[in-house]
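What follows is one structure encoded as structure tokens, with my remarks underneath.
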Amino acid sequence: MAIPDAVVVSPSLNLAFGTLTLTSERLLFEPDRLTIRAKERVFALSEIVVLETTWTRVFRLVPLWPTLVVRTSDGATHSFAAVRPTSLGPRRWIAAIREAQASRAGASSVAATDGSLPDEIKAEHLSLEGLVQGVSSPVSGFDPAVWYYEREGTRIGPVTRAVLDHNRFMGLIGSDTRISEDGGPWKPASSLDEAGHSLGSAAPASPPLPADDRFAWAIVAVPLVGALMEFLLGSELGLLYLIANVLLCLWDRRRLAEAGYPTPSGWWALLIPGYLLKRSALLGQRQIFAGAWLLAFVASLLLASWGHRETLADSACPLVTQIIQEQLNGSATCKGVEIVRDVGNGFYVGKATLDNGRELTITIEDKGKNIEVQIPSQ
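Using this note's numbering, the first residue of the sequence shown is number 1, and each one after it goes up by one.
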């Protein structure tokens, strides 16, 4: 059984897993054998009138899958969601379908003139199928071949052919860099150019949009921003941490999918370092974001610890004044407390400065919602 490449989403939320195929004449959805009551769907390219992109959402709120919306001339609407991390985004689908429609229209015009297709139209047609299917001949499924490449002795991938071409365009992959298609033999990247000339294909397609890293940097900043907010608000924000991380990861996946890049599974949003590691591996990037996140996380722990001690000191000062005036029959007031040492188990040793210039050694016990202050004999 083939691995599902697309899922059809109906208005009643019934899901049909299967494979979506684009040829020079039609768009075909073939359900897999385990899908019940699902029918094969065939759309002639001439019947497709509207192509749109959207997102399949959970509870109409959280985006889950990038989705291609196809409207046909009979007024029907069909949605196809890419559920595999290596699947191309709906924008790349739209570009391929429109190019197939344009190629078909051009071929029909030439055929109507003299009844035959010239060689250049045939070559373009073959090249188009190779671009859509990822190889030089029609294959079931839109998902292109899976590629790997080496960098500093490390295997990077899997990535799509579009990402591979983008990395070559950006100079990240040289002509001598070893690449492998679908786990096959390793060969230099220059062999792609040789294969392209032997097929007589057109010039390579323009590279995909650069990967948008803004949301990745926002994910890195979450620990520091969260620790600062906890200090300013004086309360823990654990749930907000989780919500912010999940939303940023889903938005990041959306931007990558729209640009045609493979994306990590949405479940990695629950383990942020894993998500950032997987993201960089799929994009062929250095592990900058995972390293930066770890540094930000350590810095947030230090900031949280410092903020907690400052909060204890601020809370202890009025209690020192209360003890002096009510239990020691004094008139001095506390002007400030400094935490000197963390004894452990919630106990701290501090130094209280009074308005008469004296300094008192105090102990502070952190009991969670409140604290207890004692002034030993001095």
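All C-beta atoms, glycine included, are put in the ideal place defined by N, C-alpha and C.
Keep in mind the model is a prediction, meaning the values are calculated, not measured.
Burial state of residue i (16 or more Cβ within 10 Å)
{"i": "Leu233", "result": "exposed"}
{"i": "Phe289", "result": "buried"}
{"i": "Leu20", "result": "buried"}
{"i": "Arg341", "result": "exposed"}
{"i": "Thr154", "result": "exposed"}
{"i": "Gly75", "result": "exposed"}
{"i": "Ile243", "result": "exposed"}
{"i": "Arg168", "result": "buried"}
{"i": "His197", "result": "With a pLDDT of 32 at His197, under the threshold of 50, the predicted position of this residue should be treated as unreliable, and no value is reported."}
{"i": "Trp186", "result": "exposed"}
{"i": "Leu270", "result": "exposed"}
{"i": "Arg161", "result": "buried"}
{"i": "Glu236", "result": "exposed"}
{"i": "Asp119", "result": "In this prediction, Asp119 scores a pLDDT of 31, lower than 50, which makes its location untrustworthy; the coordinate-derived value is nonetheless stated afterwards. The residue in question, Asp119, is exposed, as its Cβ has fewer than 16 Cβ neighbours within 10 Å."}
{"i": "Glu359", "result": "exposed"}
Residue range of the beta strand (DSSP E) that includes residue i
{"i": "Gln374", "result": "Ile371 to Gln374"}
{"i": "Leu28", "result": "Arg26 to Pro31"}
{"i": "Glu365", "result": "Glu359 to Asp366"}
{"i": "Thr333", "result": "Thr333 -> no beta strand (DSSP E), and no H or E assigned at all."}
{"i": "Val354", "result": "The amino acid at residue 354 is misidentified as Val; the sequence shows Leu. Here the beta strand (DSSP E) through Leu354 covers Phe347 to Leu354."}
{"i": "Ser79", "result": "Thr77 to Ala81"}
Straight-line gap, residue i to residue j (C-alpha atoms, nearest Å)
{"i": "Ala221", "j": "Ser73", "result": "48 Å"}
{"i": "Asp182", "j": "Trp147", "result": "6 Å"}
{"i": "Gln378", "j": "Ala352", "result": "12 Å"}
{"i": "Leu228", "j": "Ala218", "result": "15 Å"}
{"i": "Phe347", "j": "Glu365", "result": "5 Å"}
{"i": "Leu27", "j": "Ala44", "result": "6 Å"}
{"i": "Gly336", "j": "Ile324", "result": "14 Å"}
{"i": "Ala95", "j": "Lys369", "result": "59 Å"}
{"i": "Pro188", "j": "Thr177", "result": "5 Å"}
{"i": "Thr361", "j": "Ile339", "result": "10 Å"}
{"i": "Gly174", "j": "Ile156", "result": "14 Å"}
{"i": "Arg41", "j": "Pro31", "result": "9 Å"}
{"i": "Gly350", "j": "Thr363", "result": "6 Å"}
{"i": "Phe379", "j": "Arg71", "result": "The first residue shown for the chain is 1 and the last is 378, placing residue 379 beyond what the model contains."}
{"i": "Ala102", "j": "Trp251", "result": "32 Å"}
{"i": "Glu99", "j": "Phe297", "result": "47 Å"}
{"i": "Gly171", "j": "Val50", "result": "37 Å"}
{"i": "Glu224", "j": "Phe215", "result": "Here residue 224 turns out to be Leu, not Glu, going by the sequence shown. When rounded, the distance between both Cα atoms is 15 Å."}
{"i": "Ile179", "j": "Ala211", "result": "21 Å"}
{"i": "Leu295", "j": "Tyr275", "result": "16 Å"}
{"i": "Ser315", "j": "Ile371", "result": "8 Å"}
{"i": "Tyr241", "j": "Tyr149", "result": "36 Å"}
{"i": "His308", "j": "Trp293", "result": "22 Å"}
{"i": "His78", "j": "Pro90", "result": "13 Å"}
{"i": "Ile97", "j": "Ser46", "result": "11 Å"}
Per DSSP, the bridge partner or partners of residue i
{"i": "Glu181", "result": "Trp147"}
{"i": "Arg41", "result": "Phe29"}
{"i": "Thr19", "result": "Glu30"}
{"i": "Pro66", "result": "Trp55"}
{"i": "Gly344", "result": "Phe347"}
{"i": "Trp188", "result": "The sequence shown places Pro at residue 188, rather than the Trp named in the question. DSSP output for Pro188 lists Arg178 as bridge partner(s)."}
{"i": "Thr154", "result": "Arg151"}
{"i": "Glu47", "result": "The partner list for Glu47 (beta bridge, DSSP) is empty, contrary to what the question assumes."}
{"i": "Glu338", "result": "Lys351"}
Bounding residues of the alpha helix (DSSP H) (the contiguous stretch that carries residue i)
{"i": "Tyr275", "result": "Ile272 to Leu283"}
{"i": "Ser300", "result": "Ile288 to Glu326"}
{"i": "Trp217", "result": "Arg214 to Leu233"}
{"i": "Tyr241", "result": "Gly238 to Glu258"}
C-beta neighbour in chain B for residue i, strict 8 Å
{"i": "Trp251", "result": "Within the model displayed, chain B is absent; a lone protein chain is all it includes."}
Residue i beta carbon near the ligand SAM (any heavy atom closer than 7 Å)
{"i": "Glu30", "result": "What this structure holds is no ligand at all, so the ligand SAM is not there to describe."}
**Asked** Pairing CB atoms from the region 253-268 with CB atoms from the region 280-287, are three or more of them under 8 Å?
**Response** Taking 8 Å as the limit for Cβ pairs, the verdict is that the region 280-287 does touch the region 253-268.
**Message:** Would the region 314-321 count as touching the region 295-305 if we require 3 or more Cβ pairs under 8 Å?
**Reply:** As far as the Cβ criterion goes, the region 314-321 does not touch the region 295-305, which means the pair count is below three.
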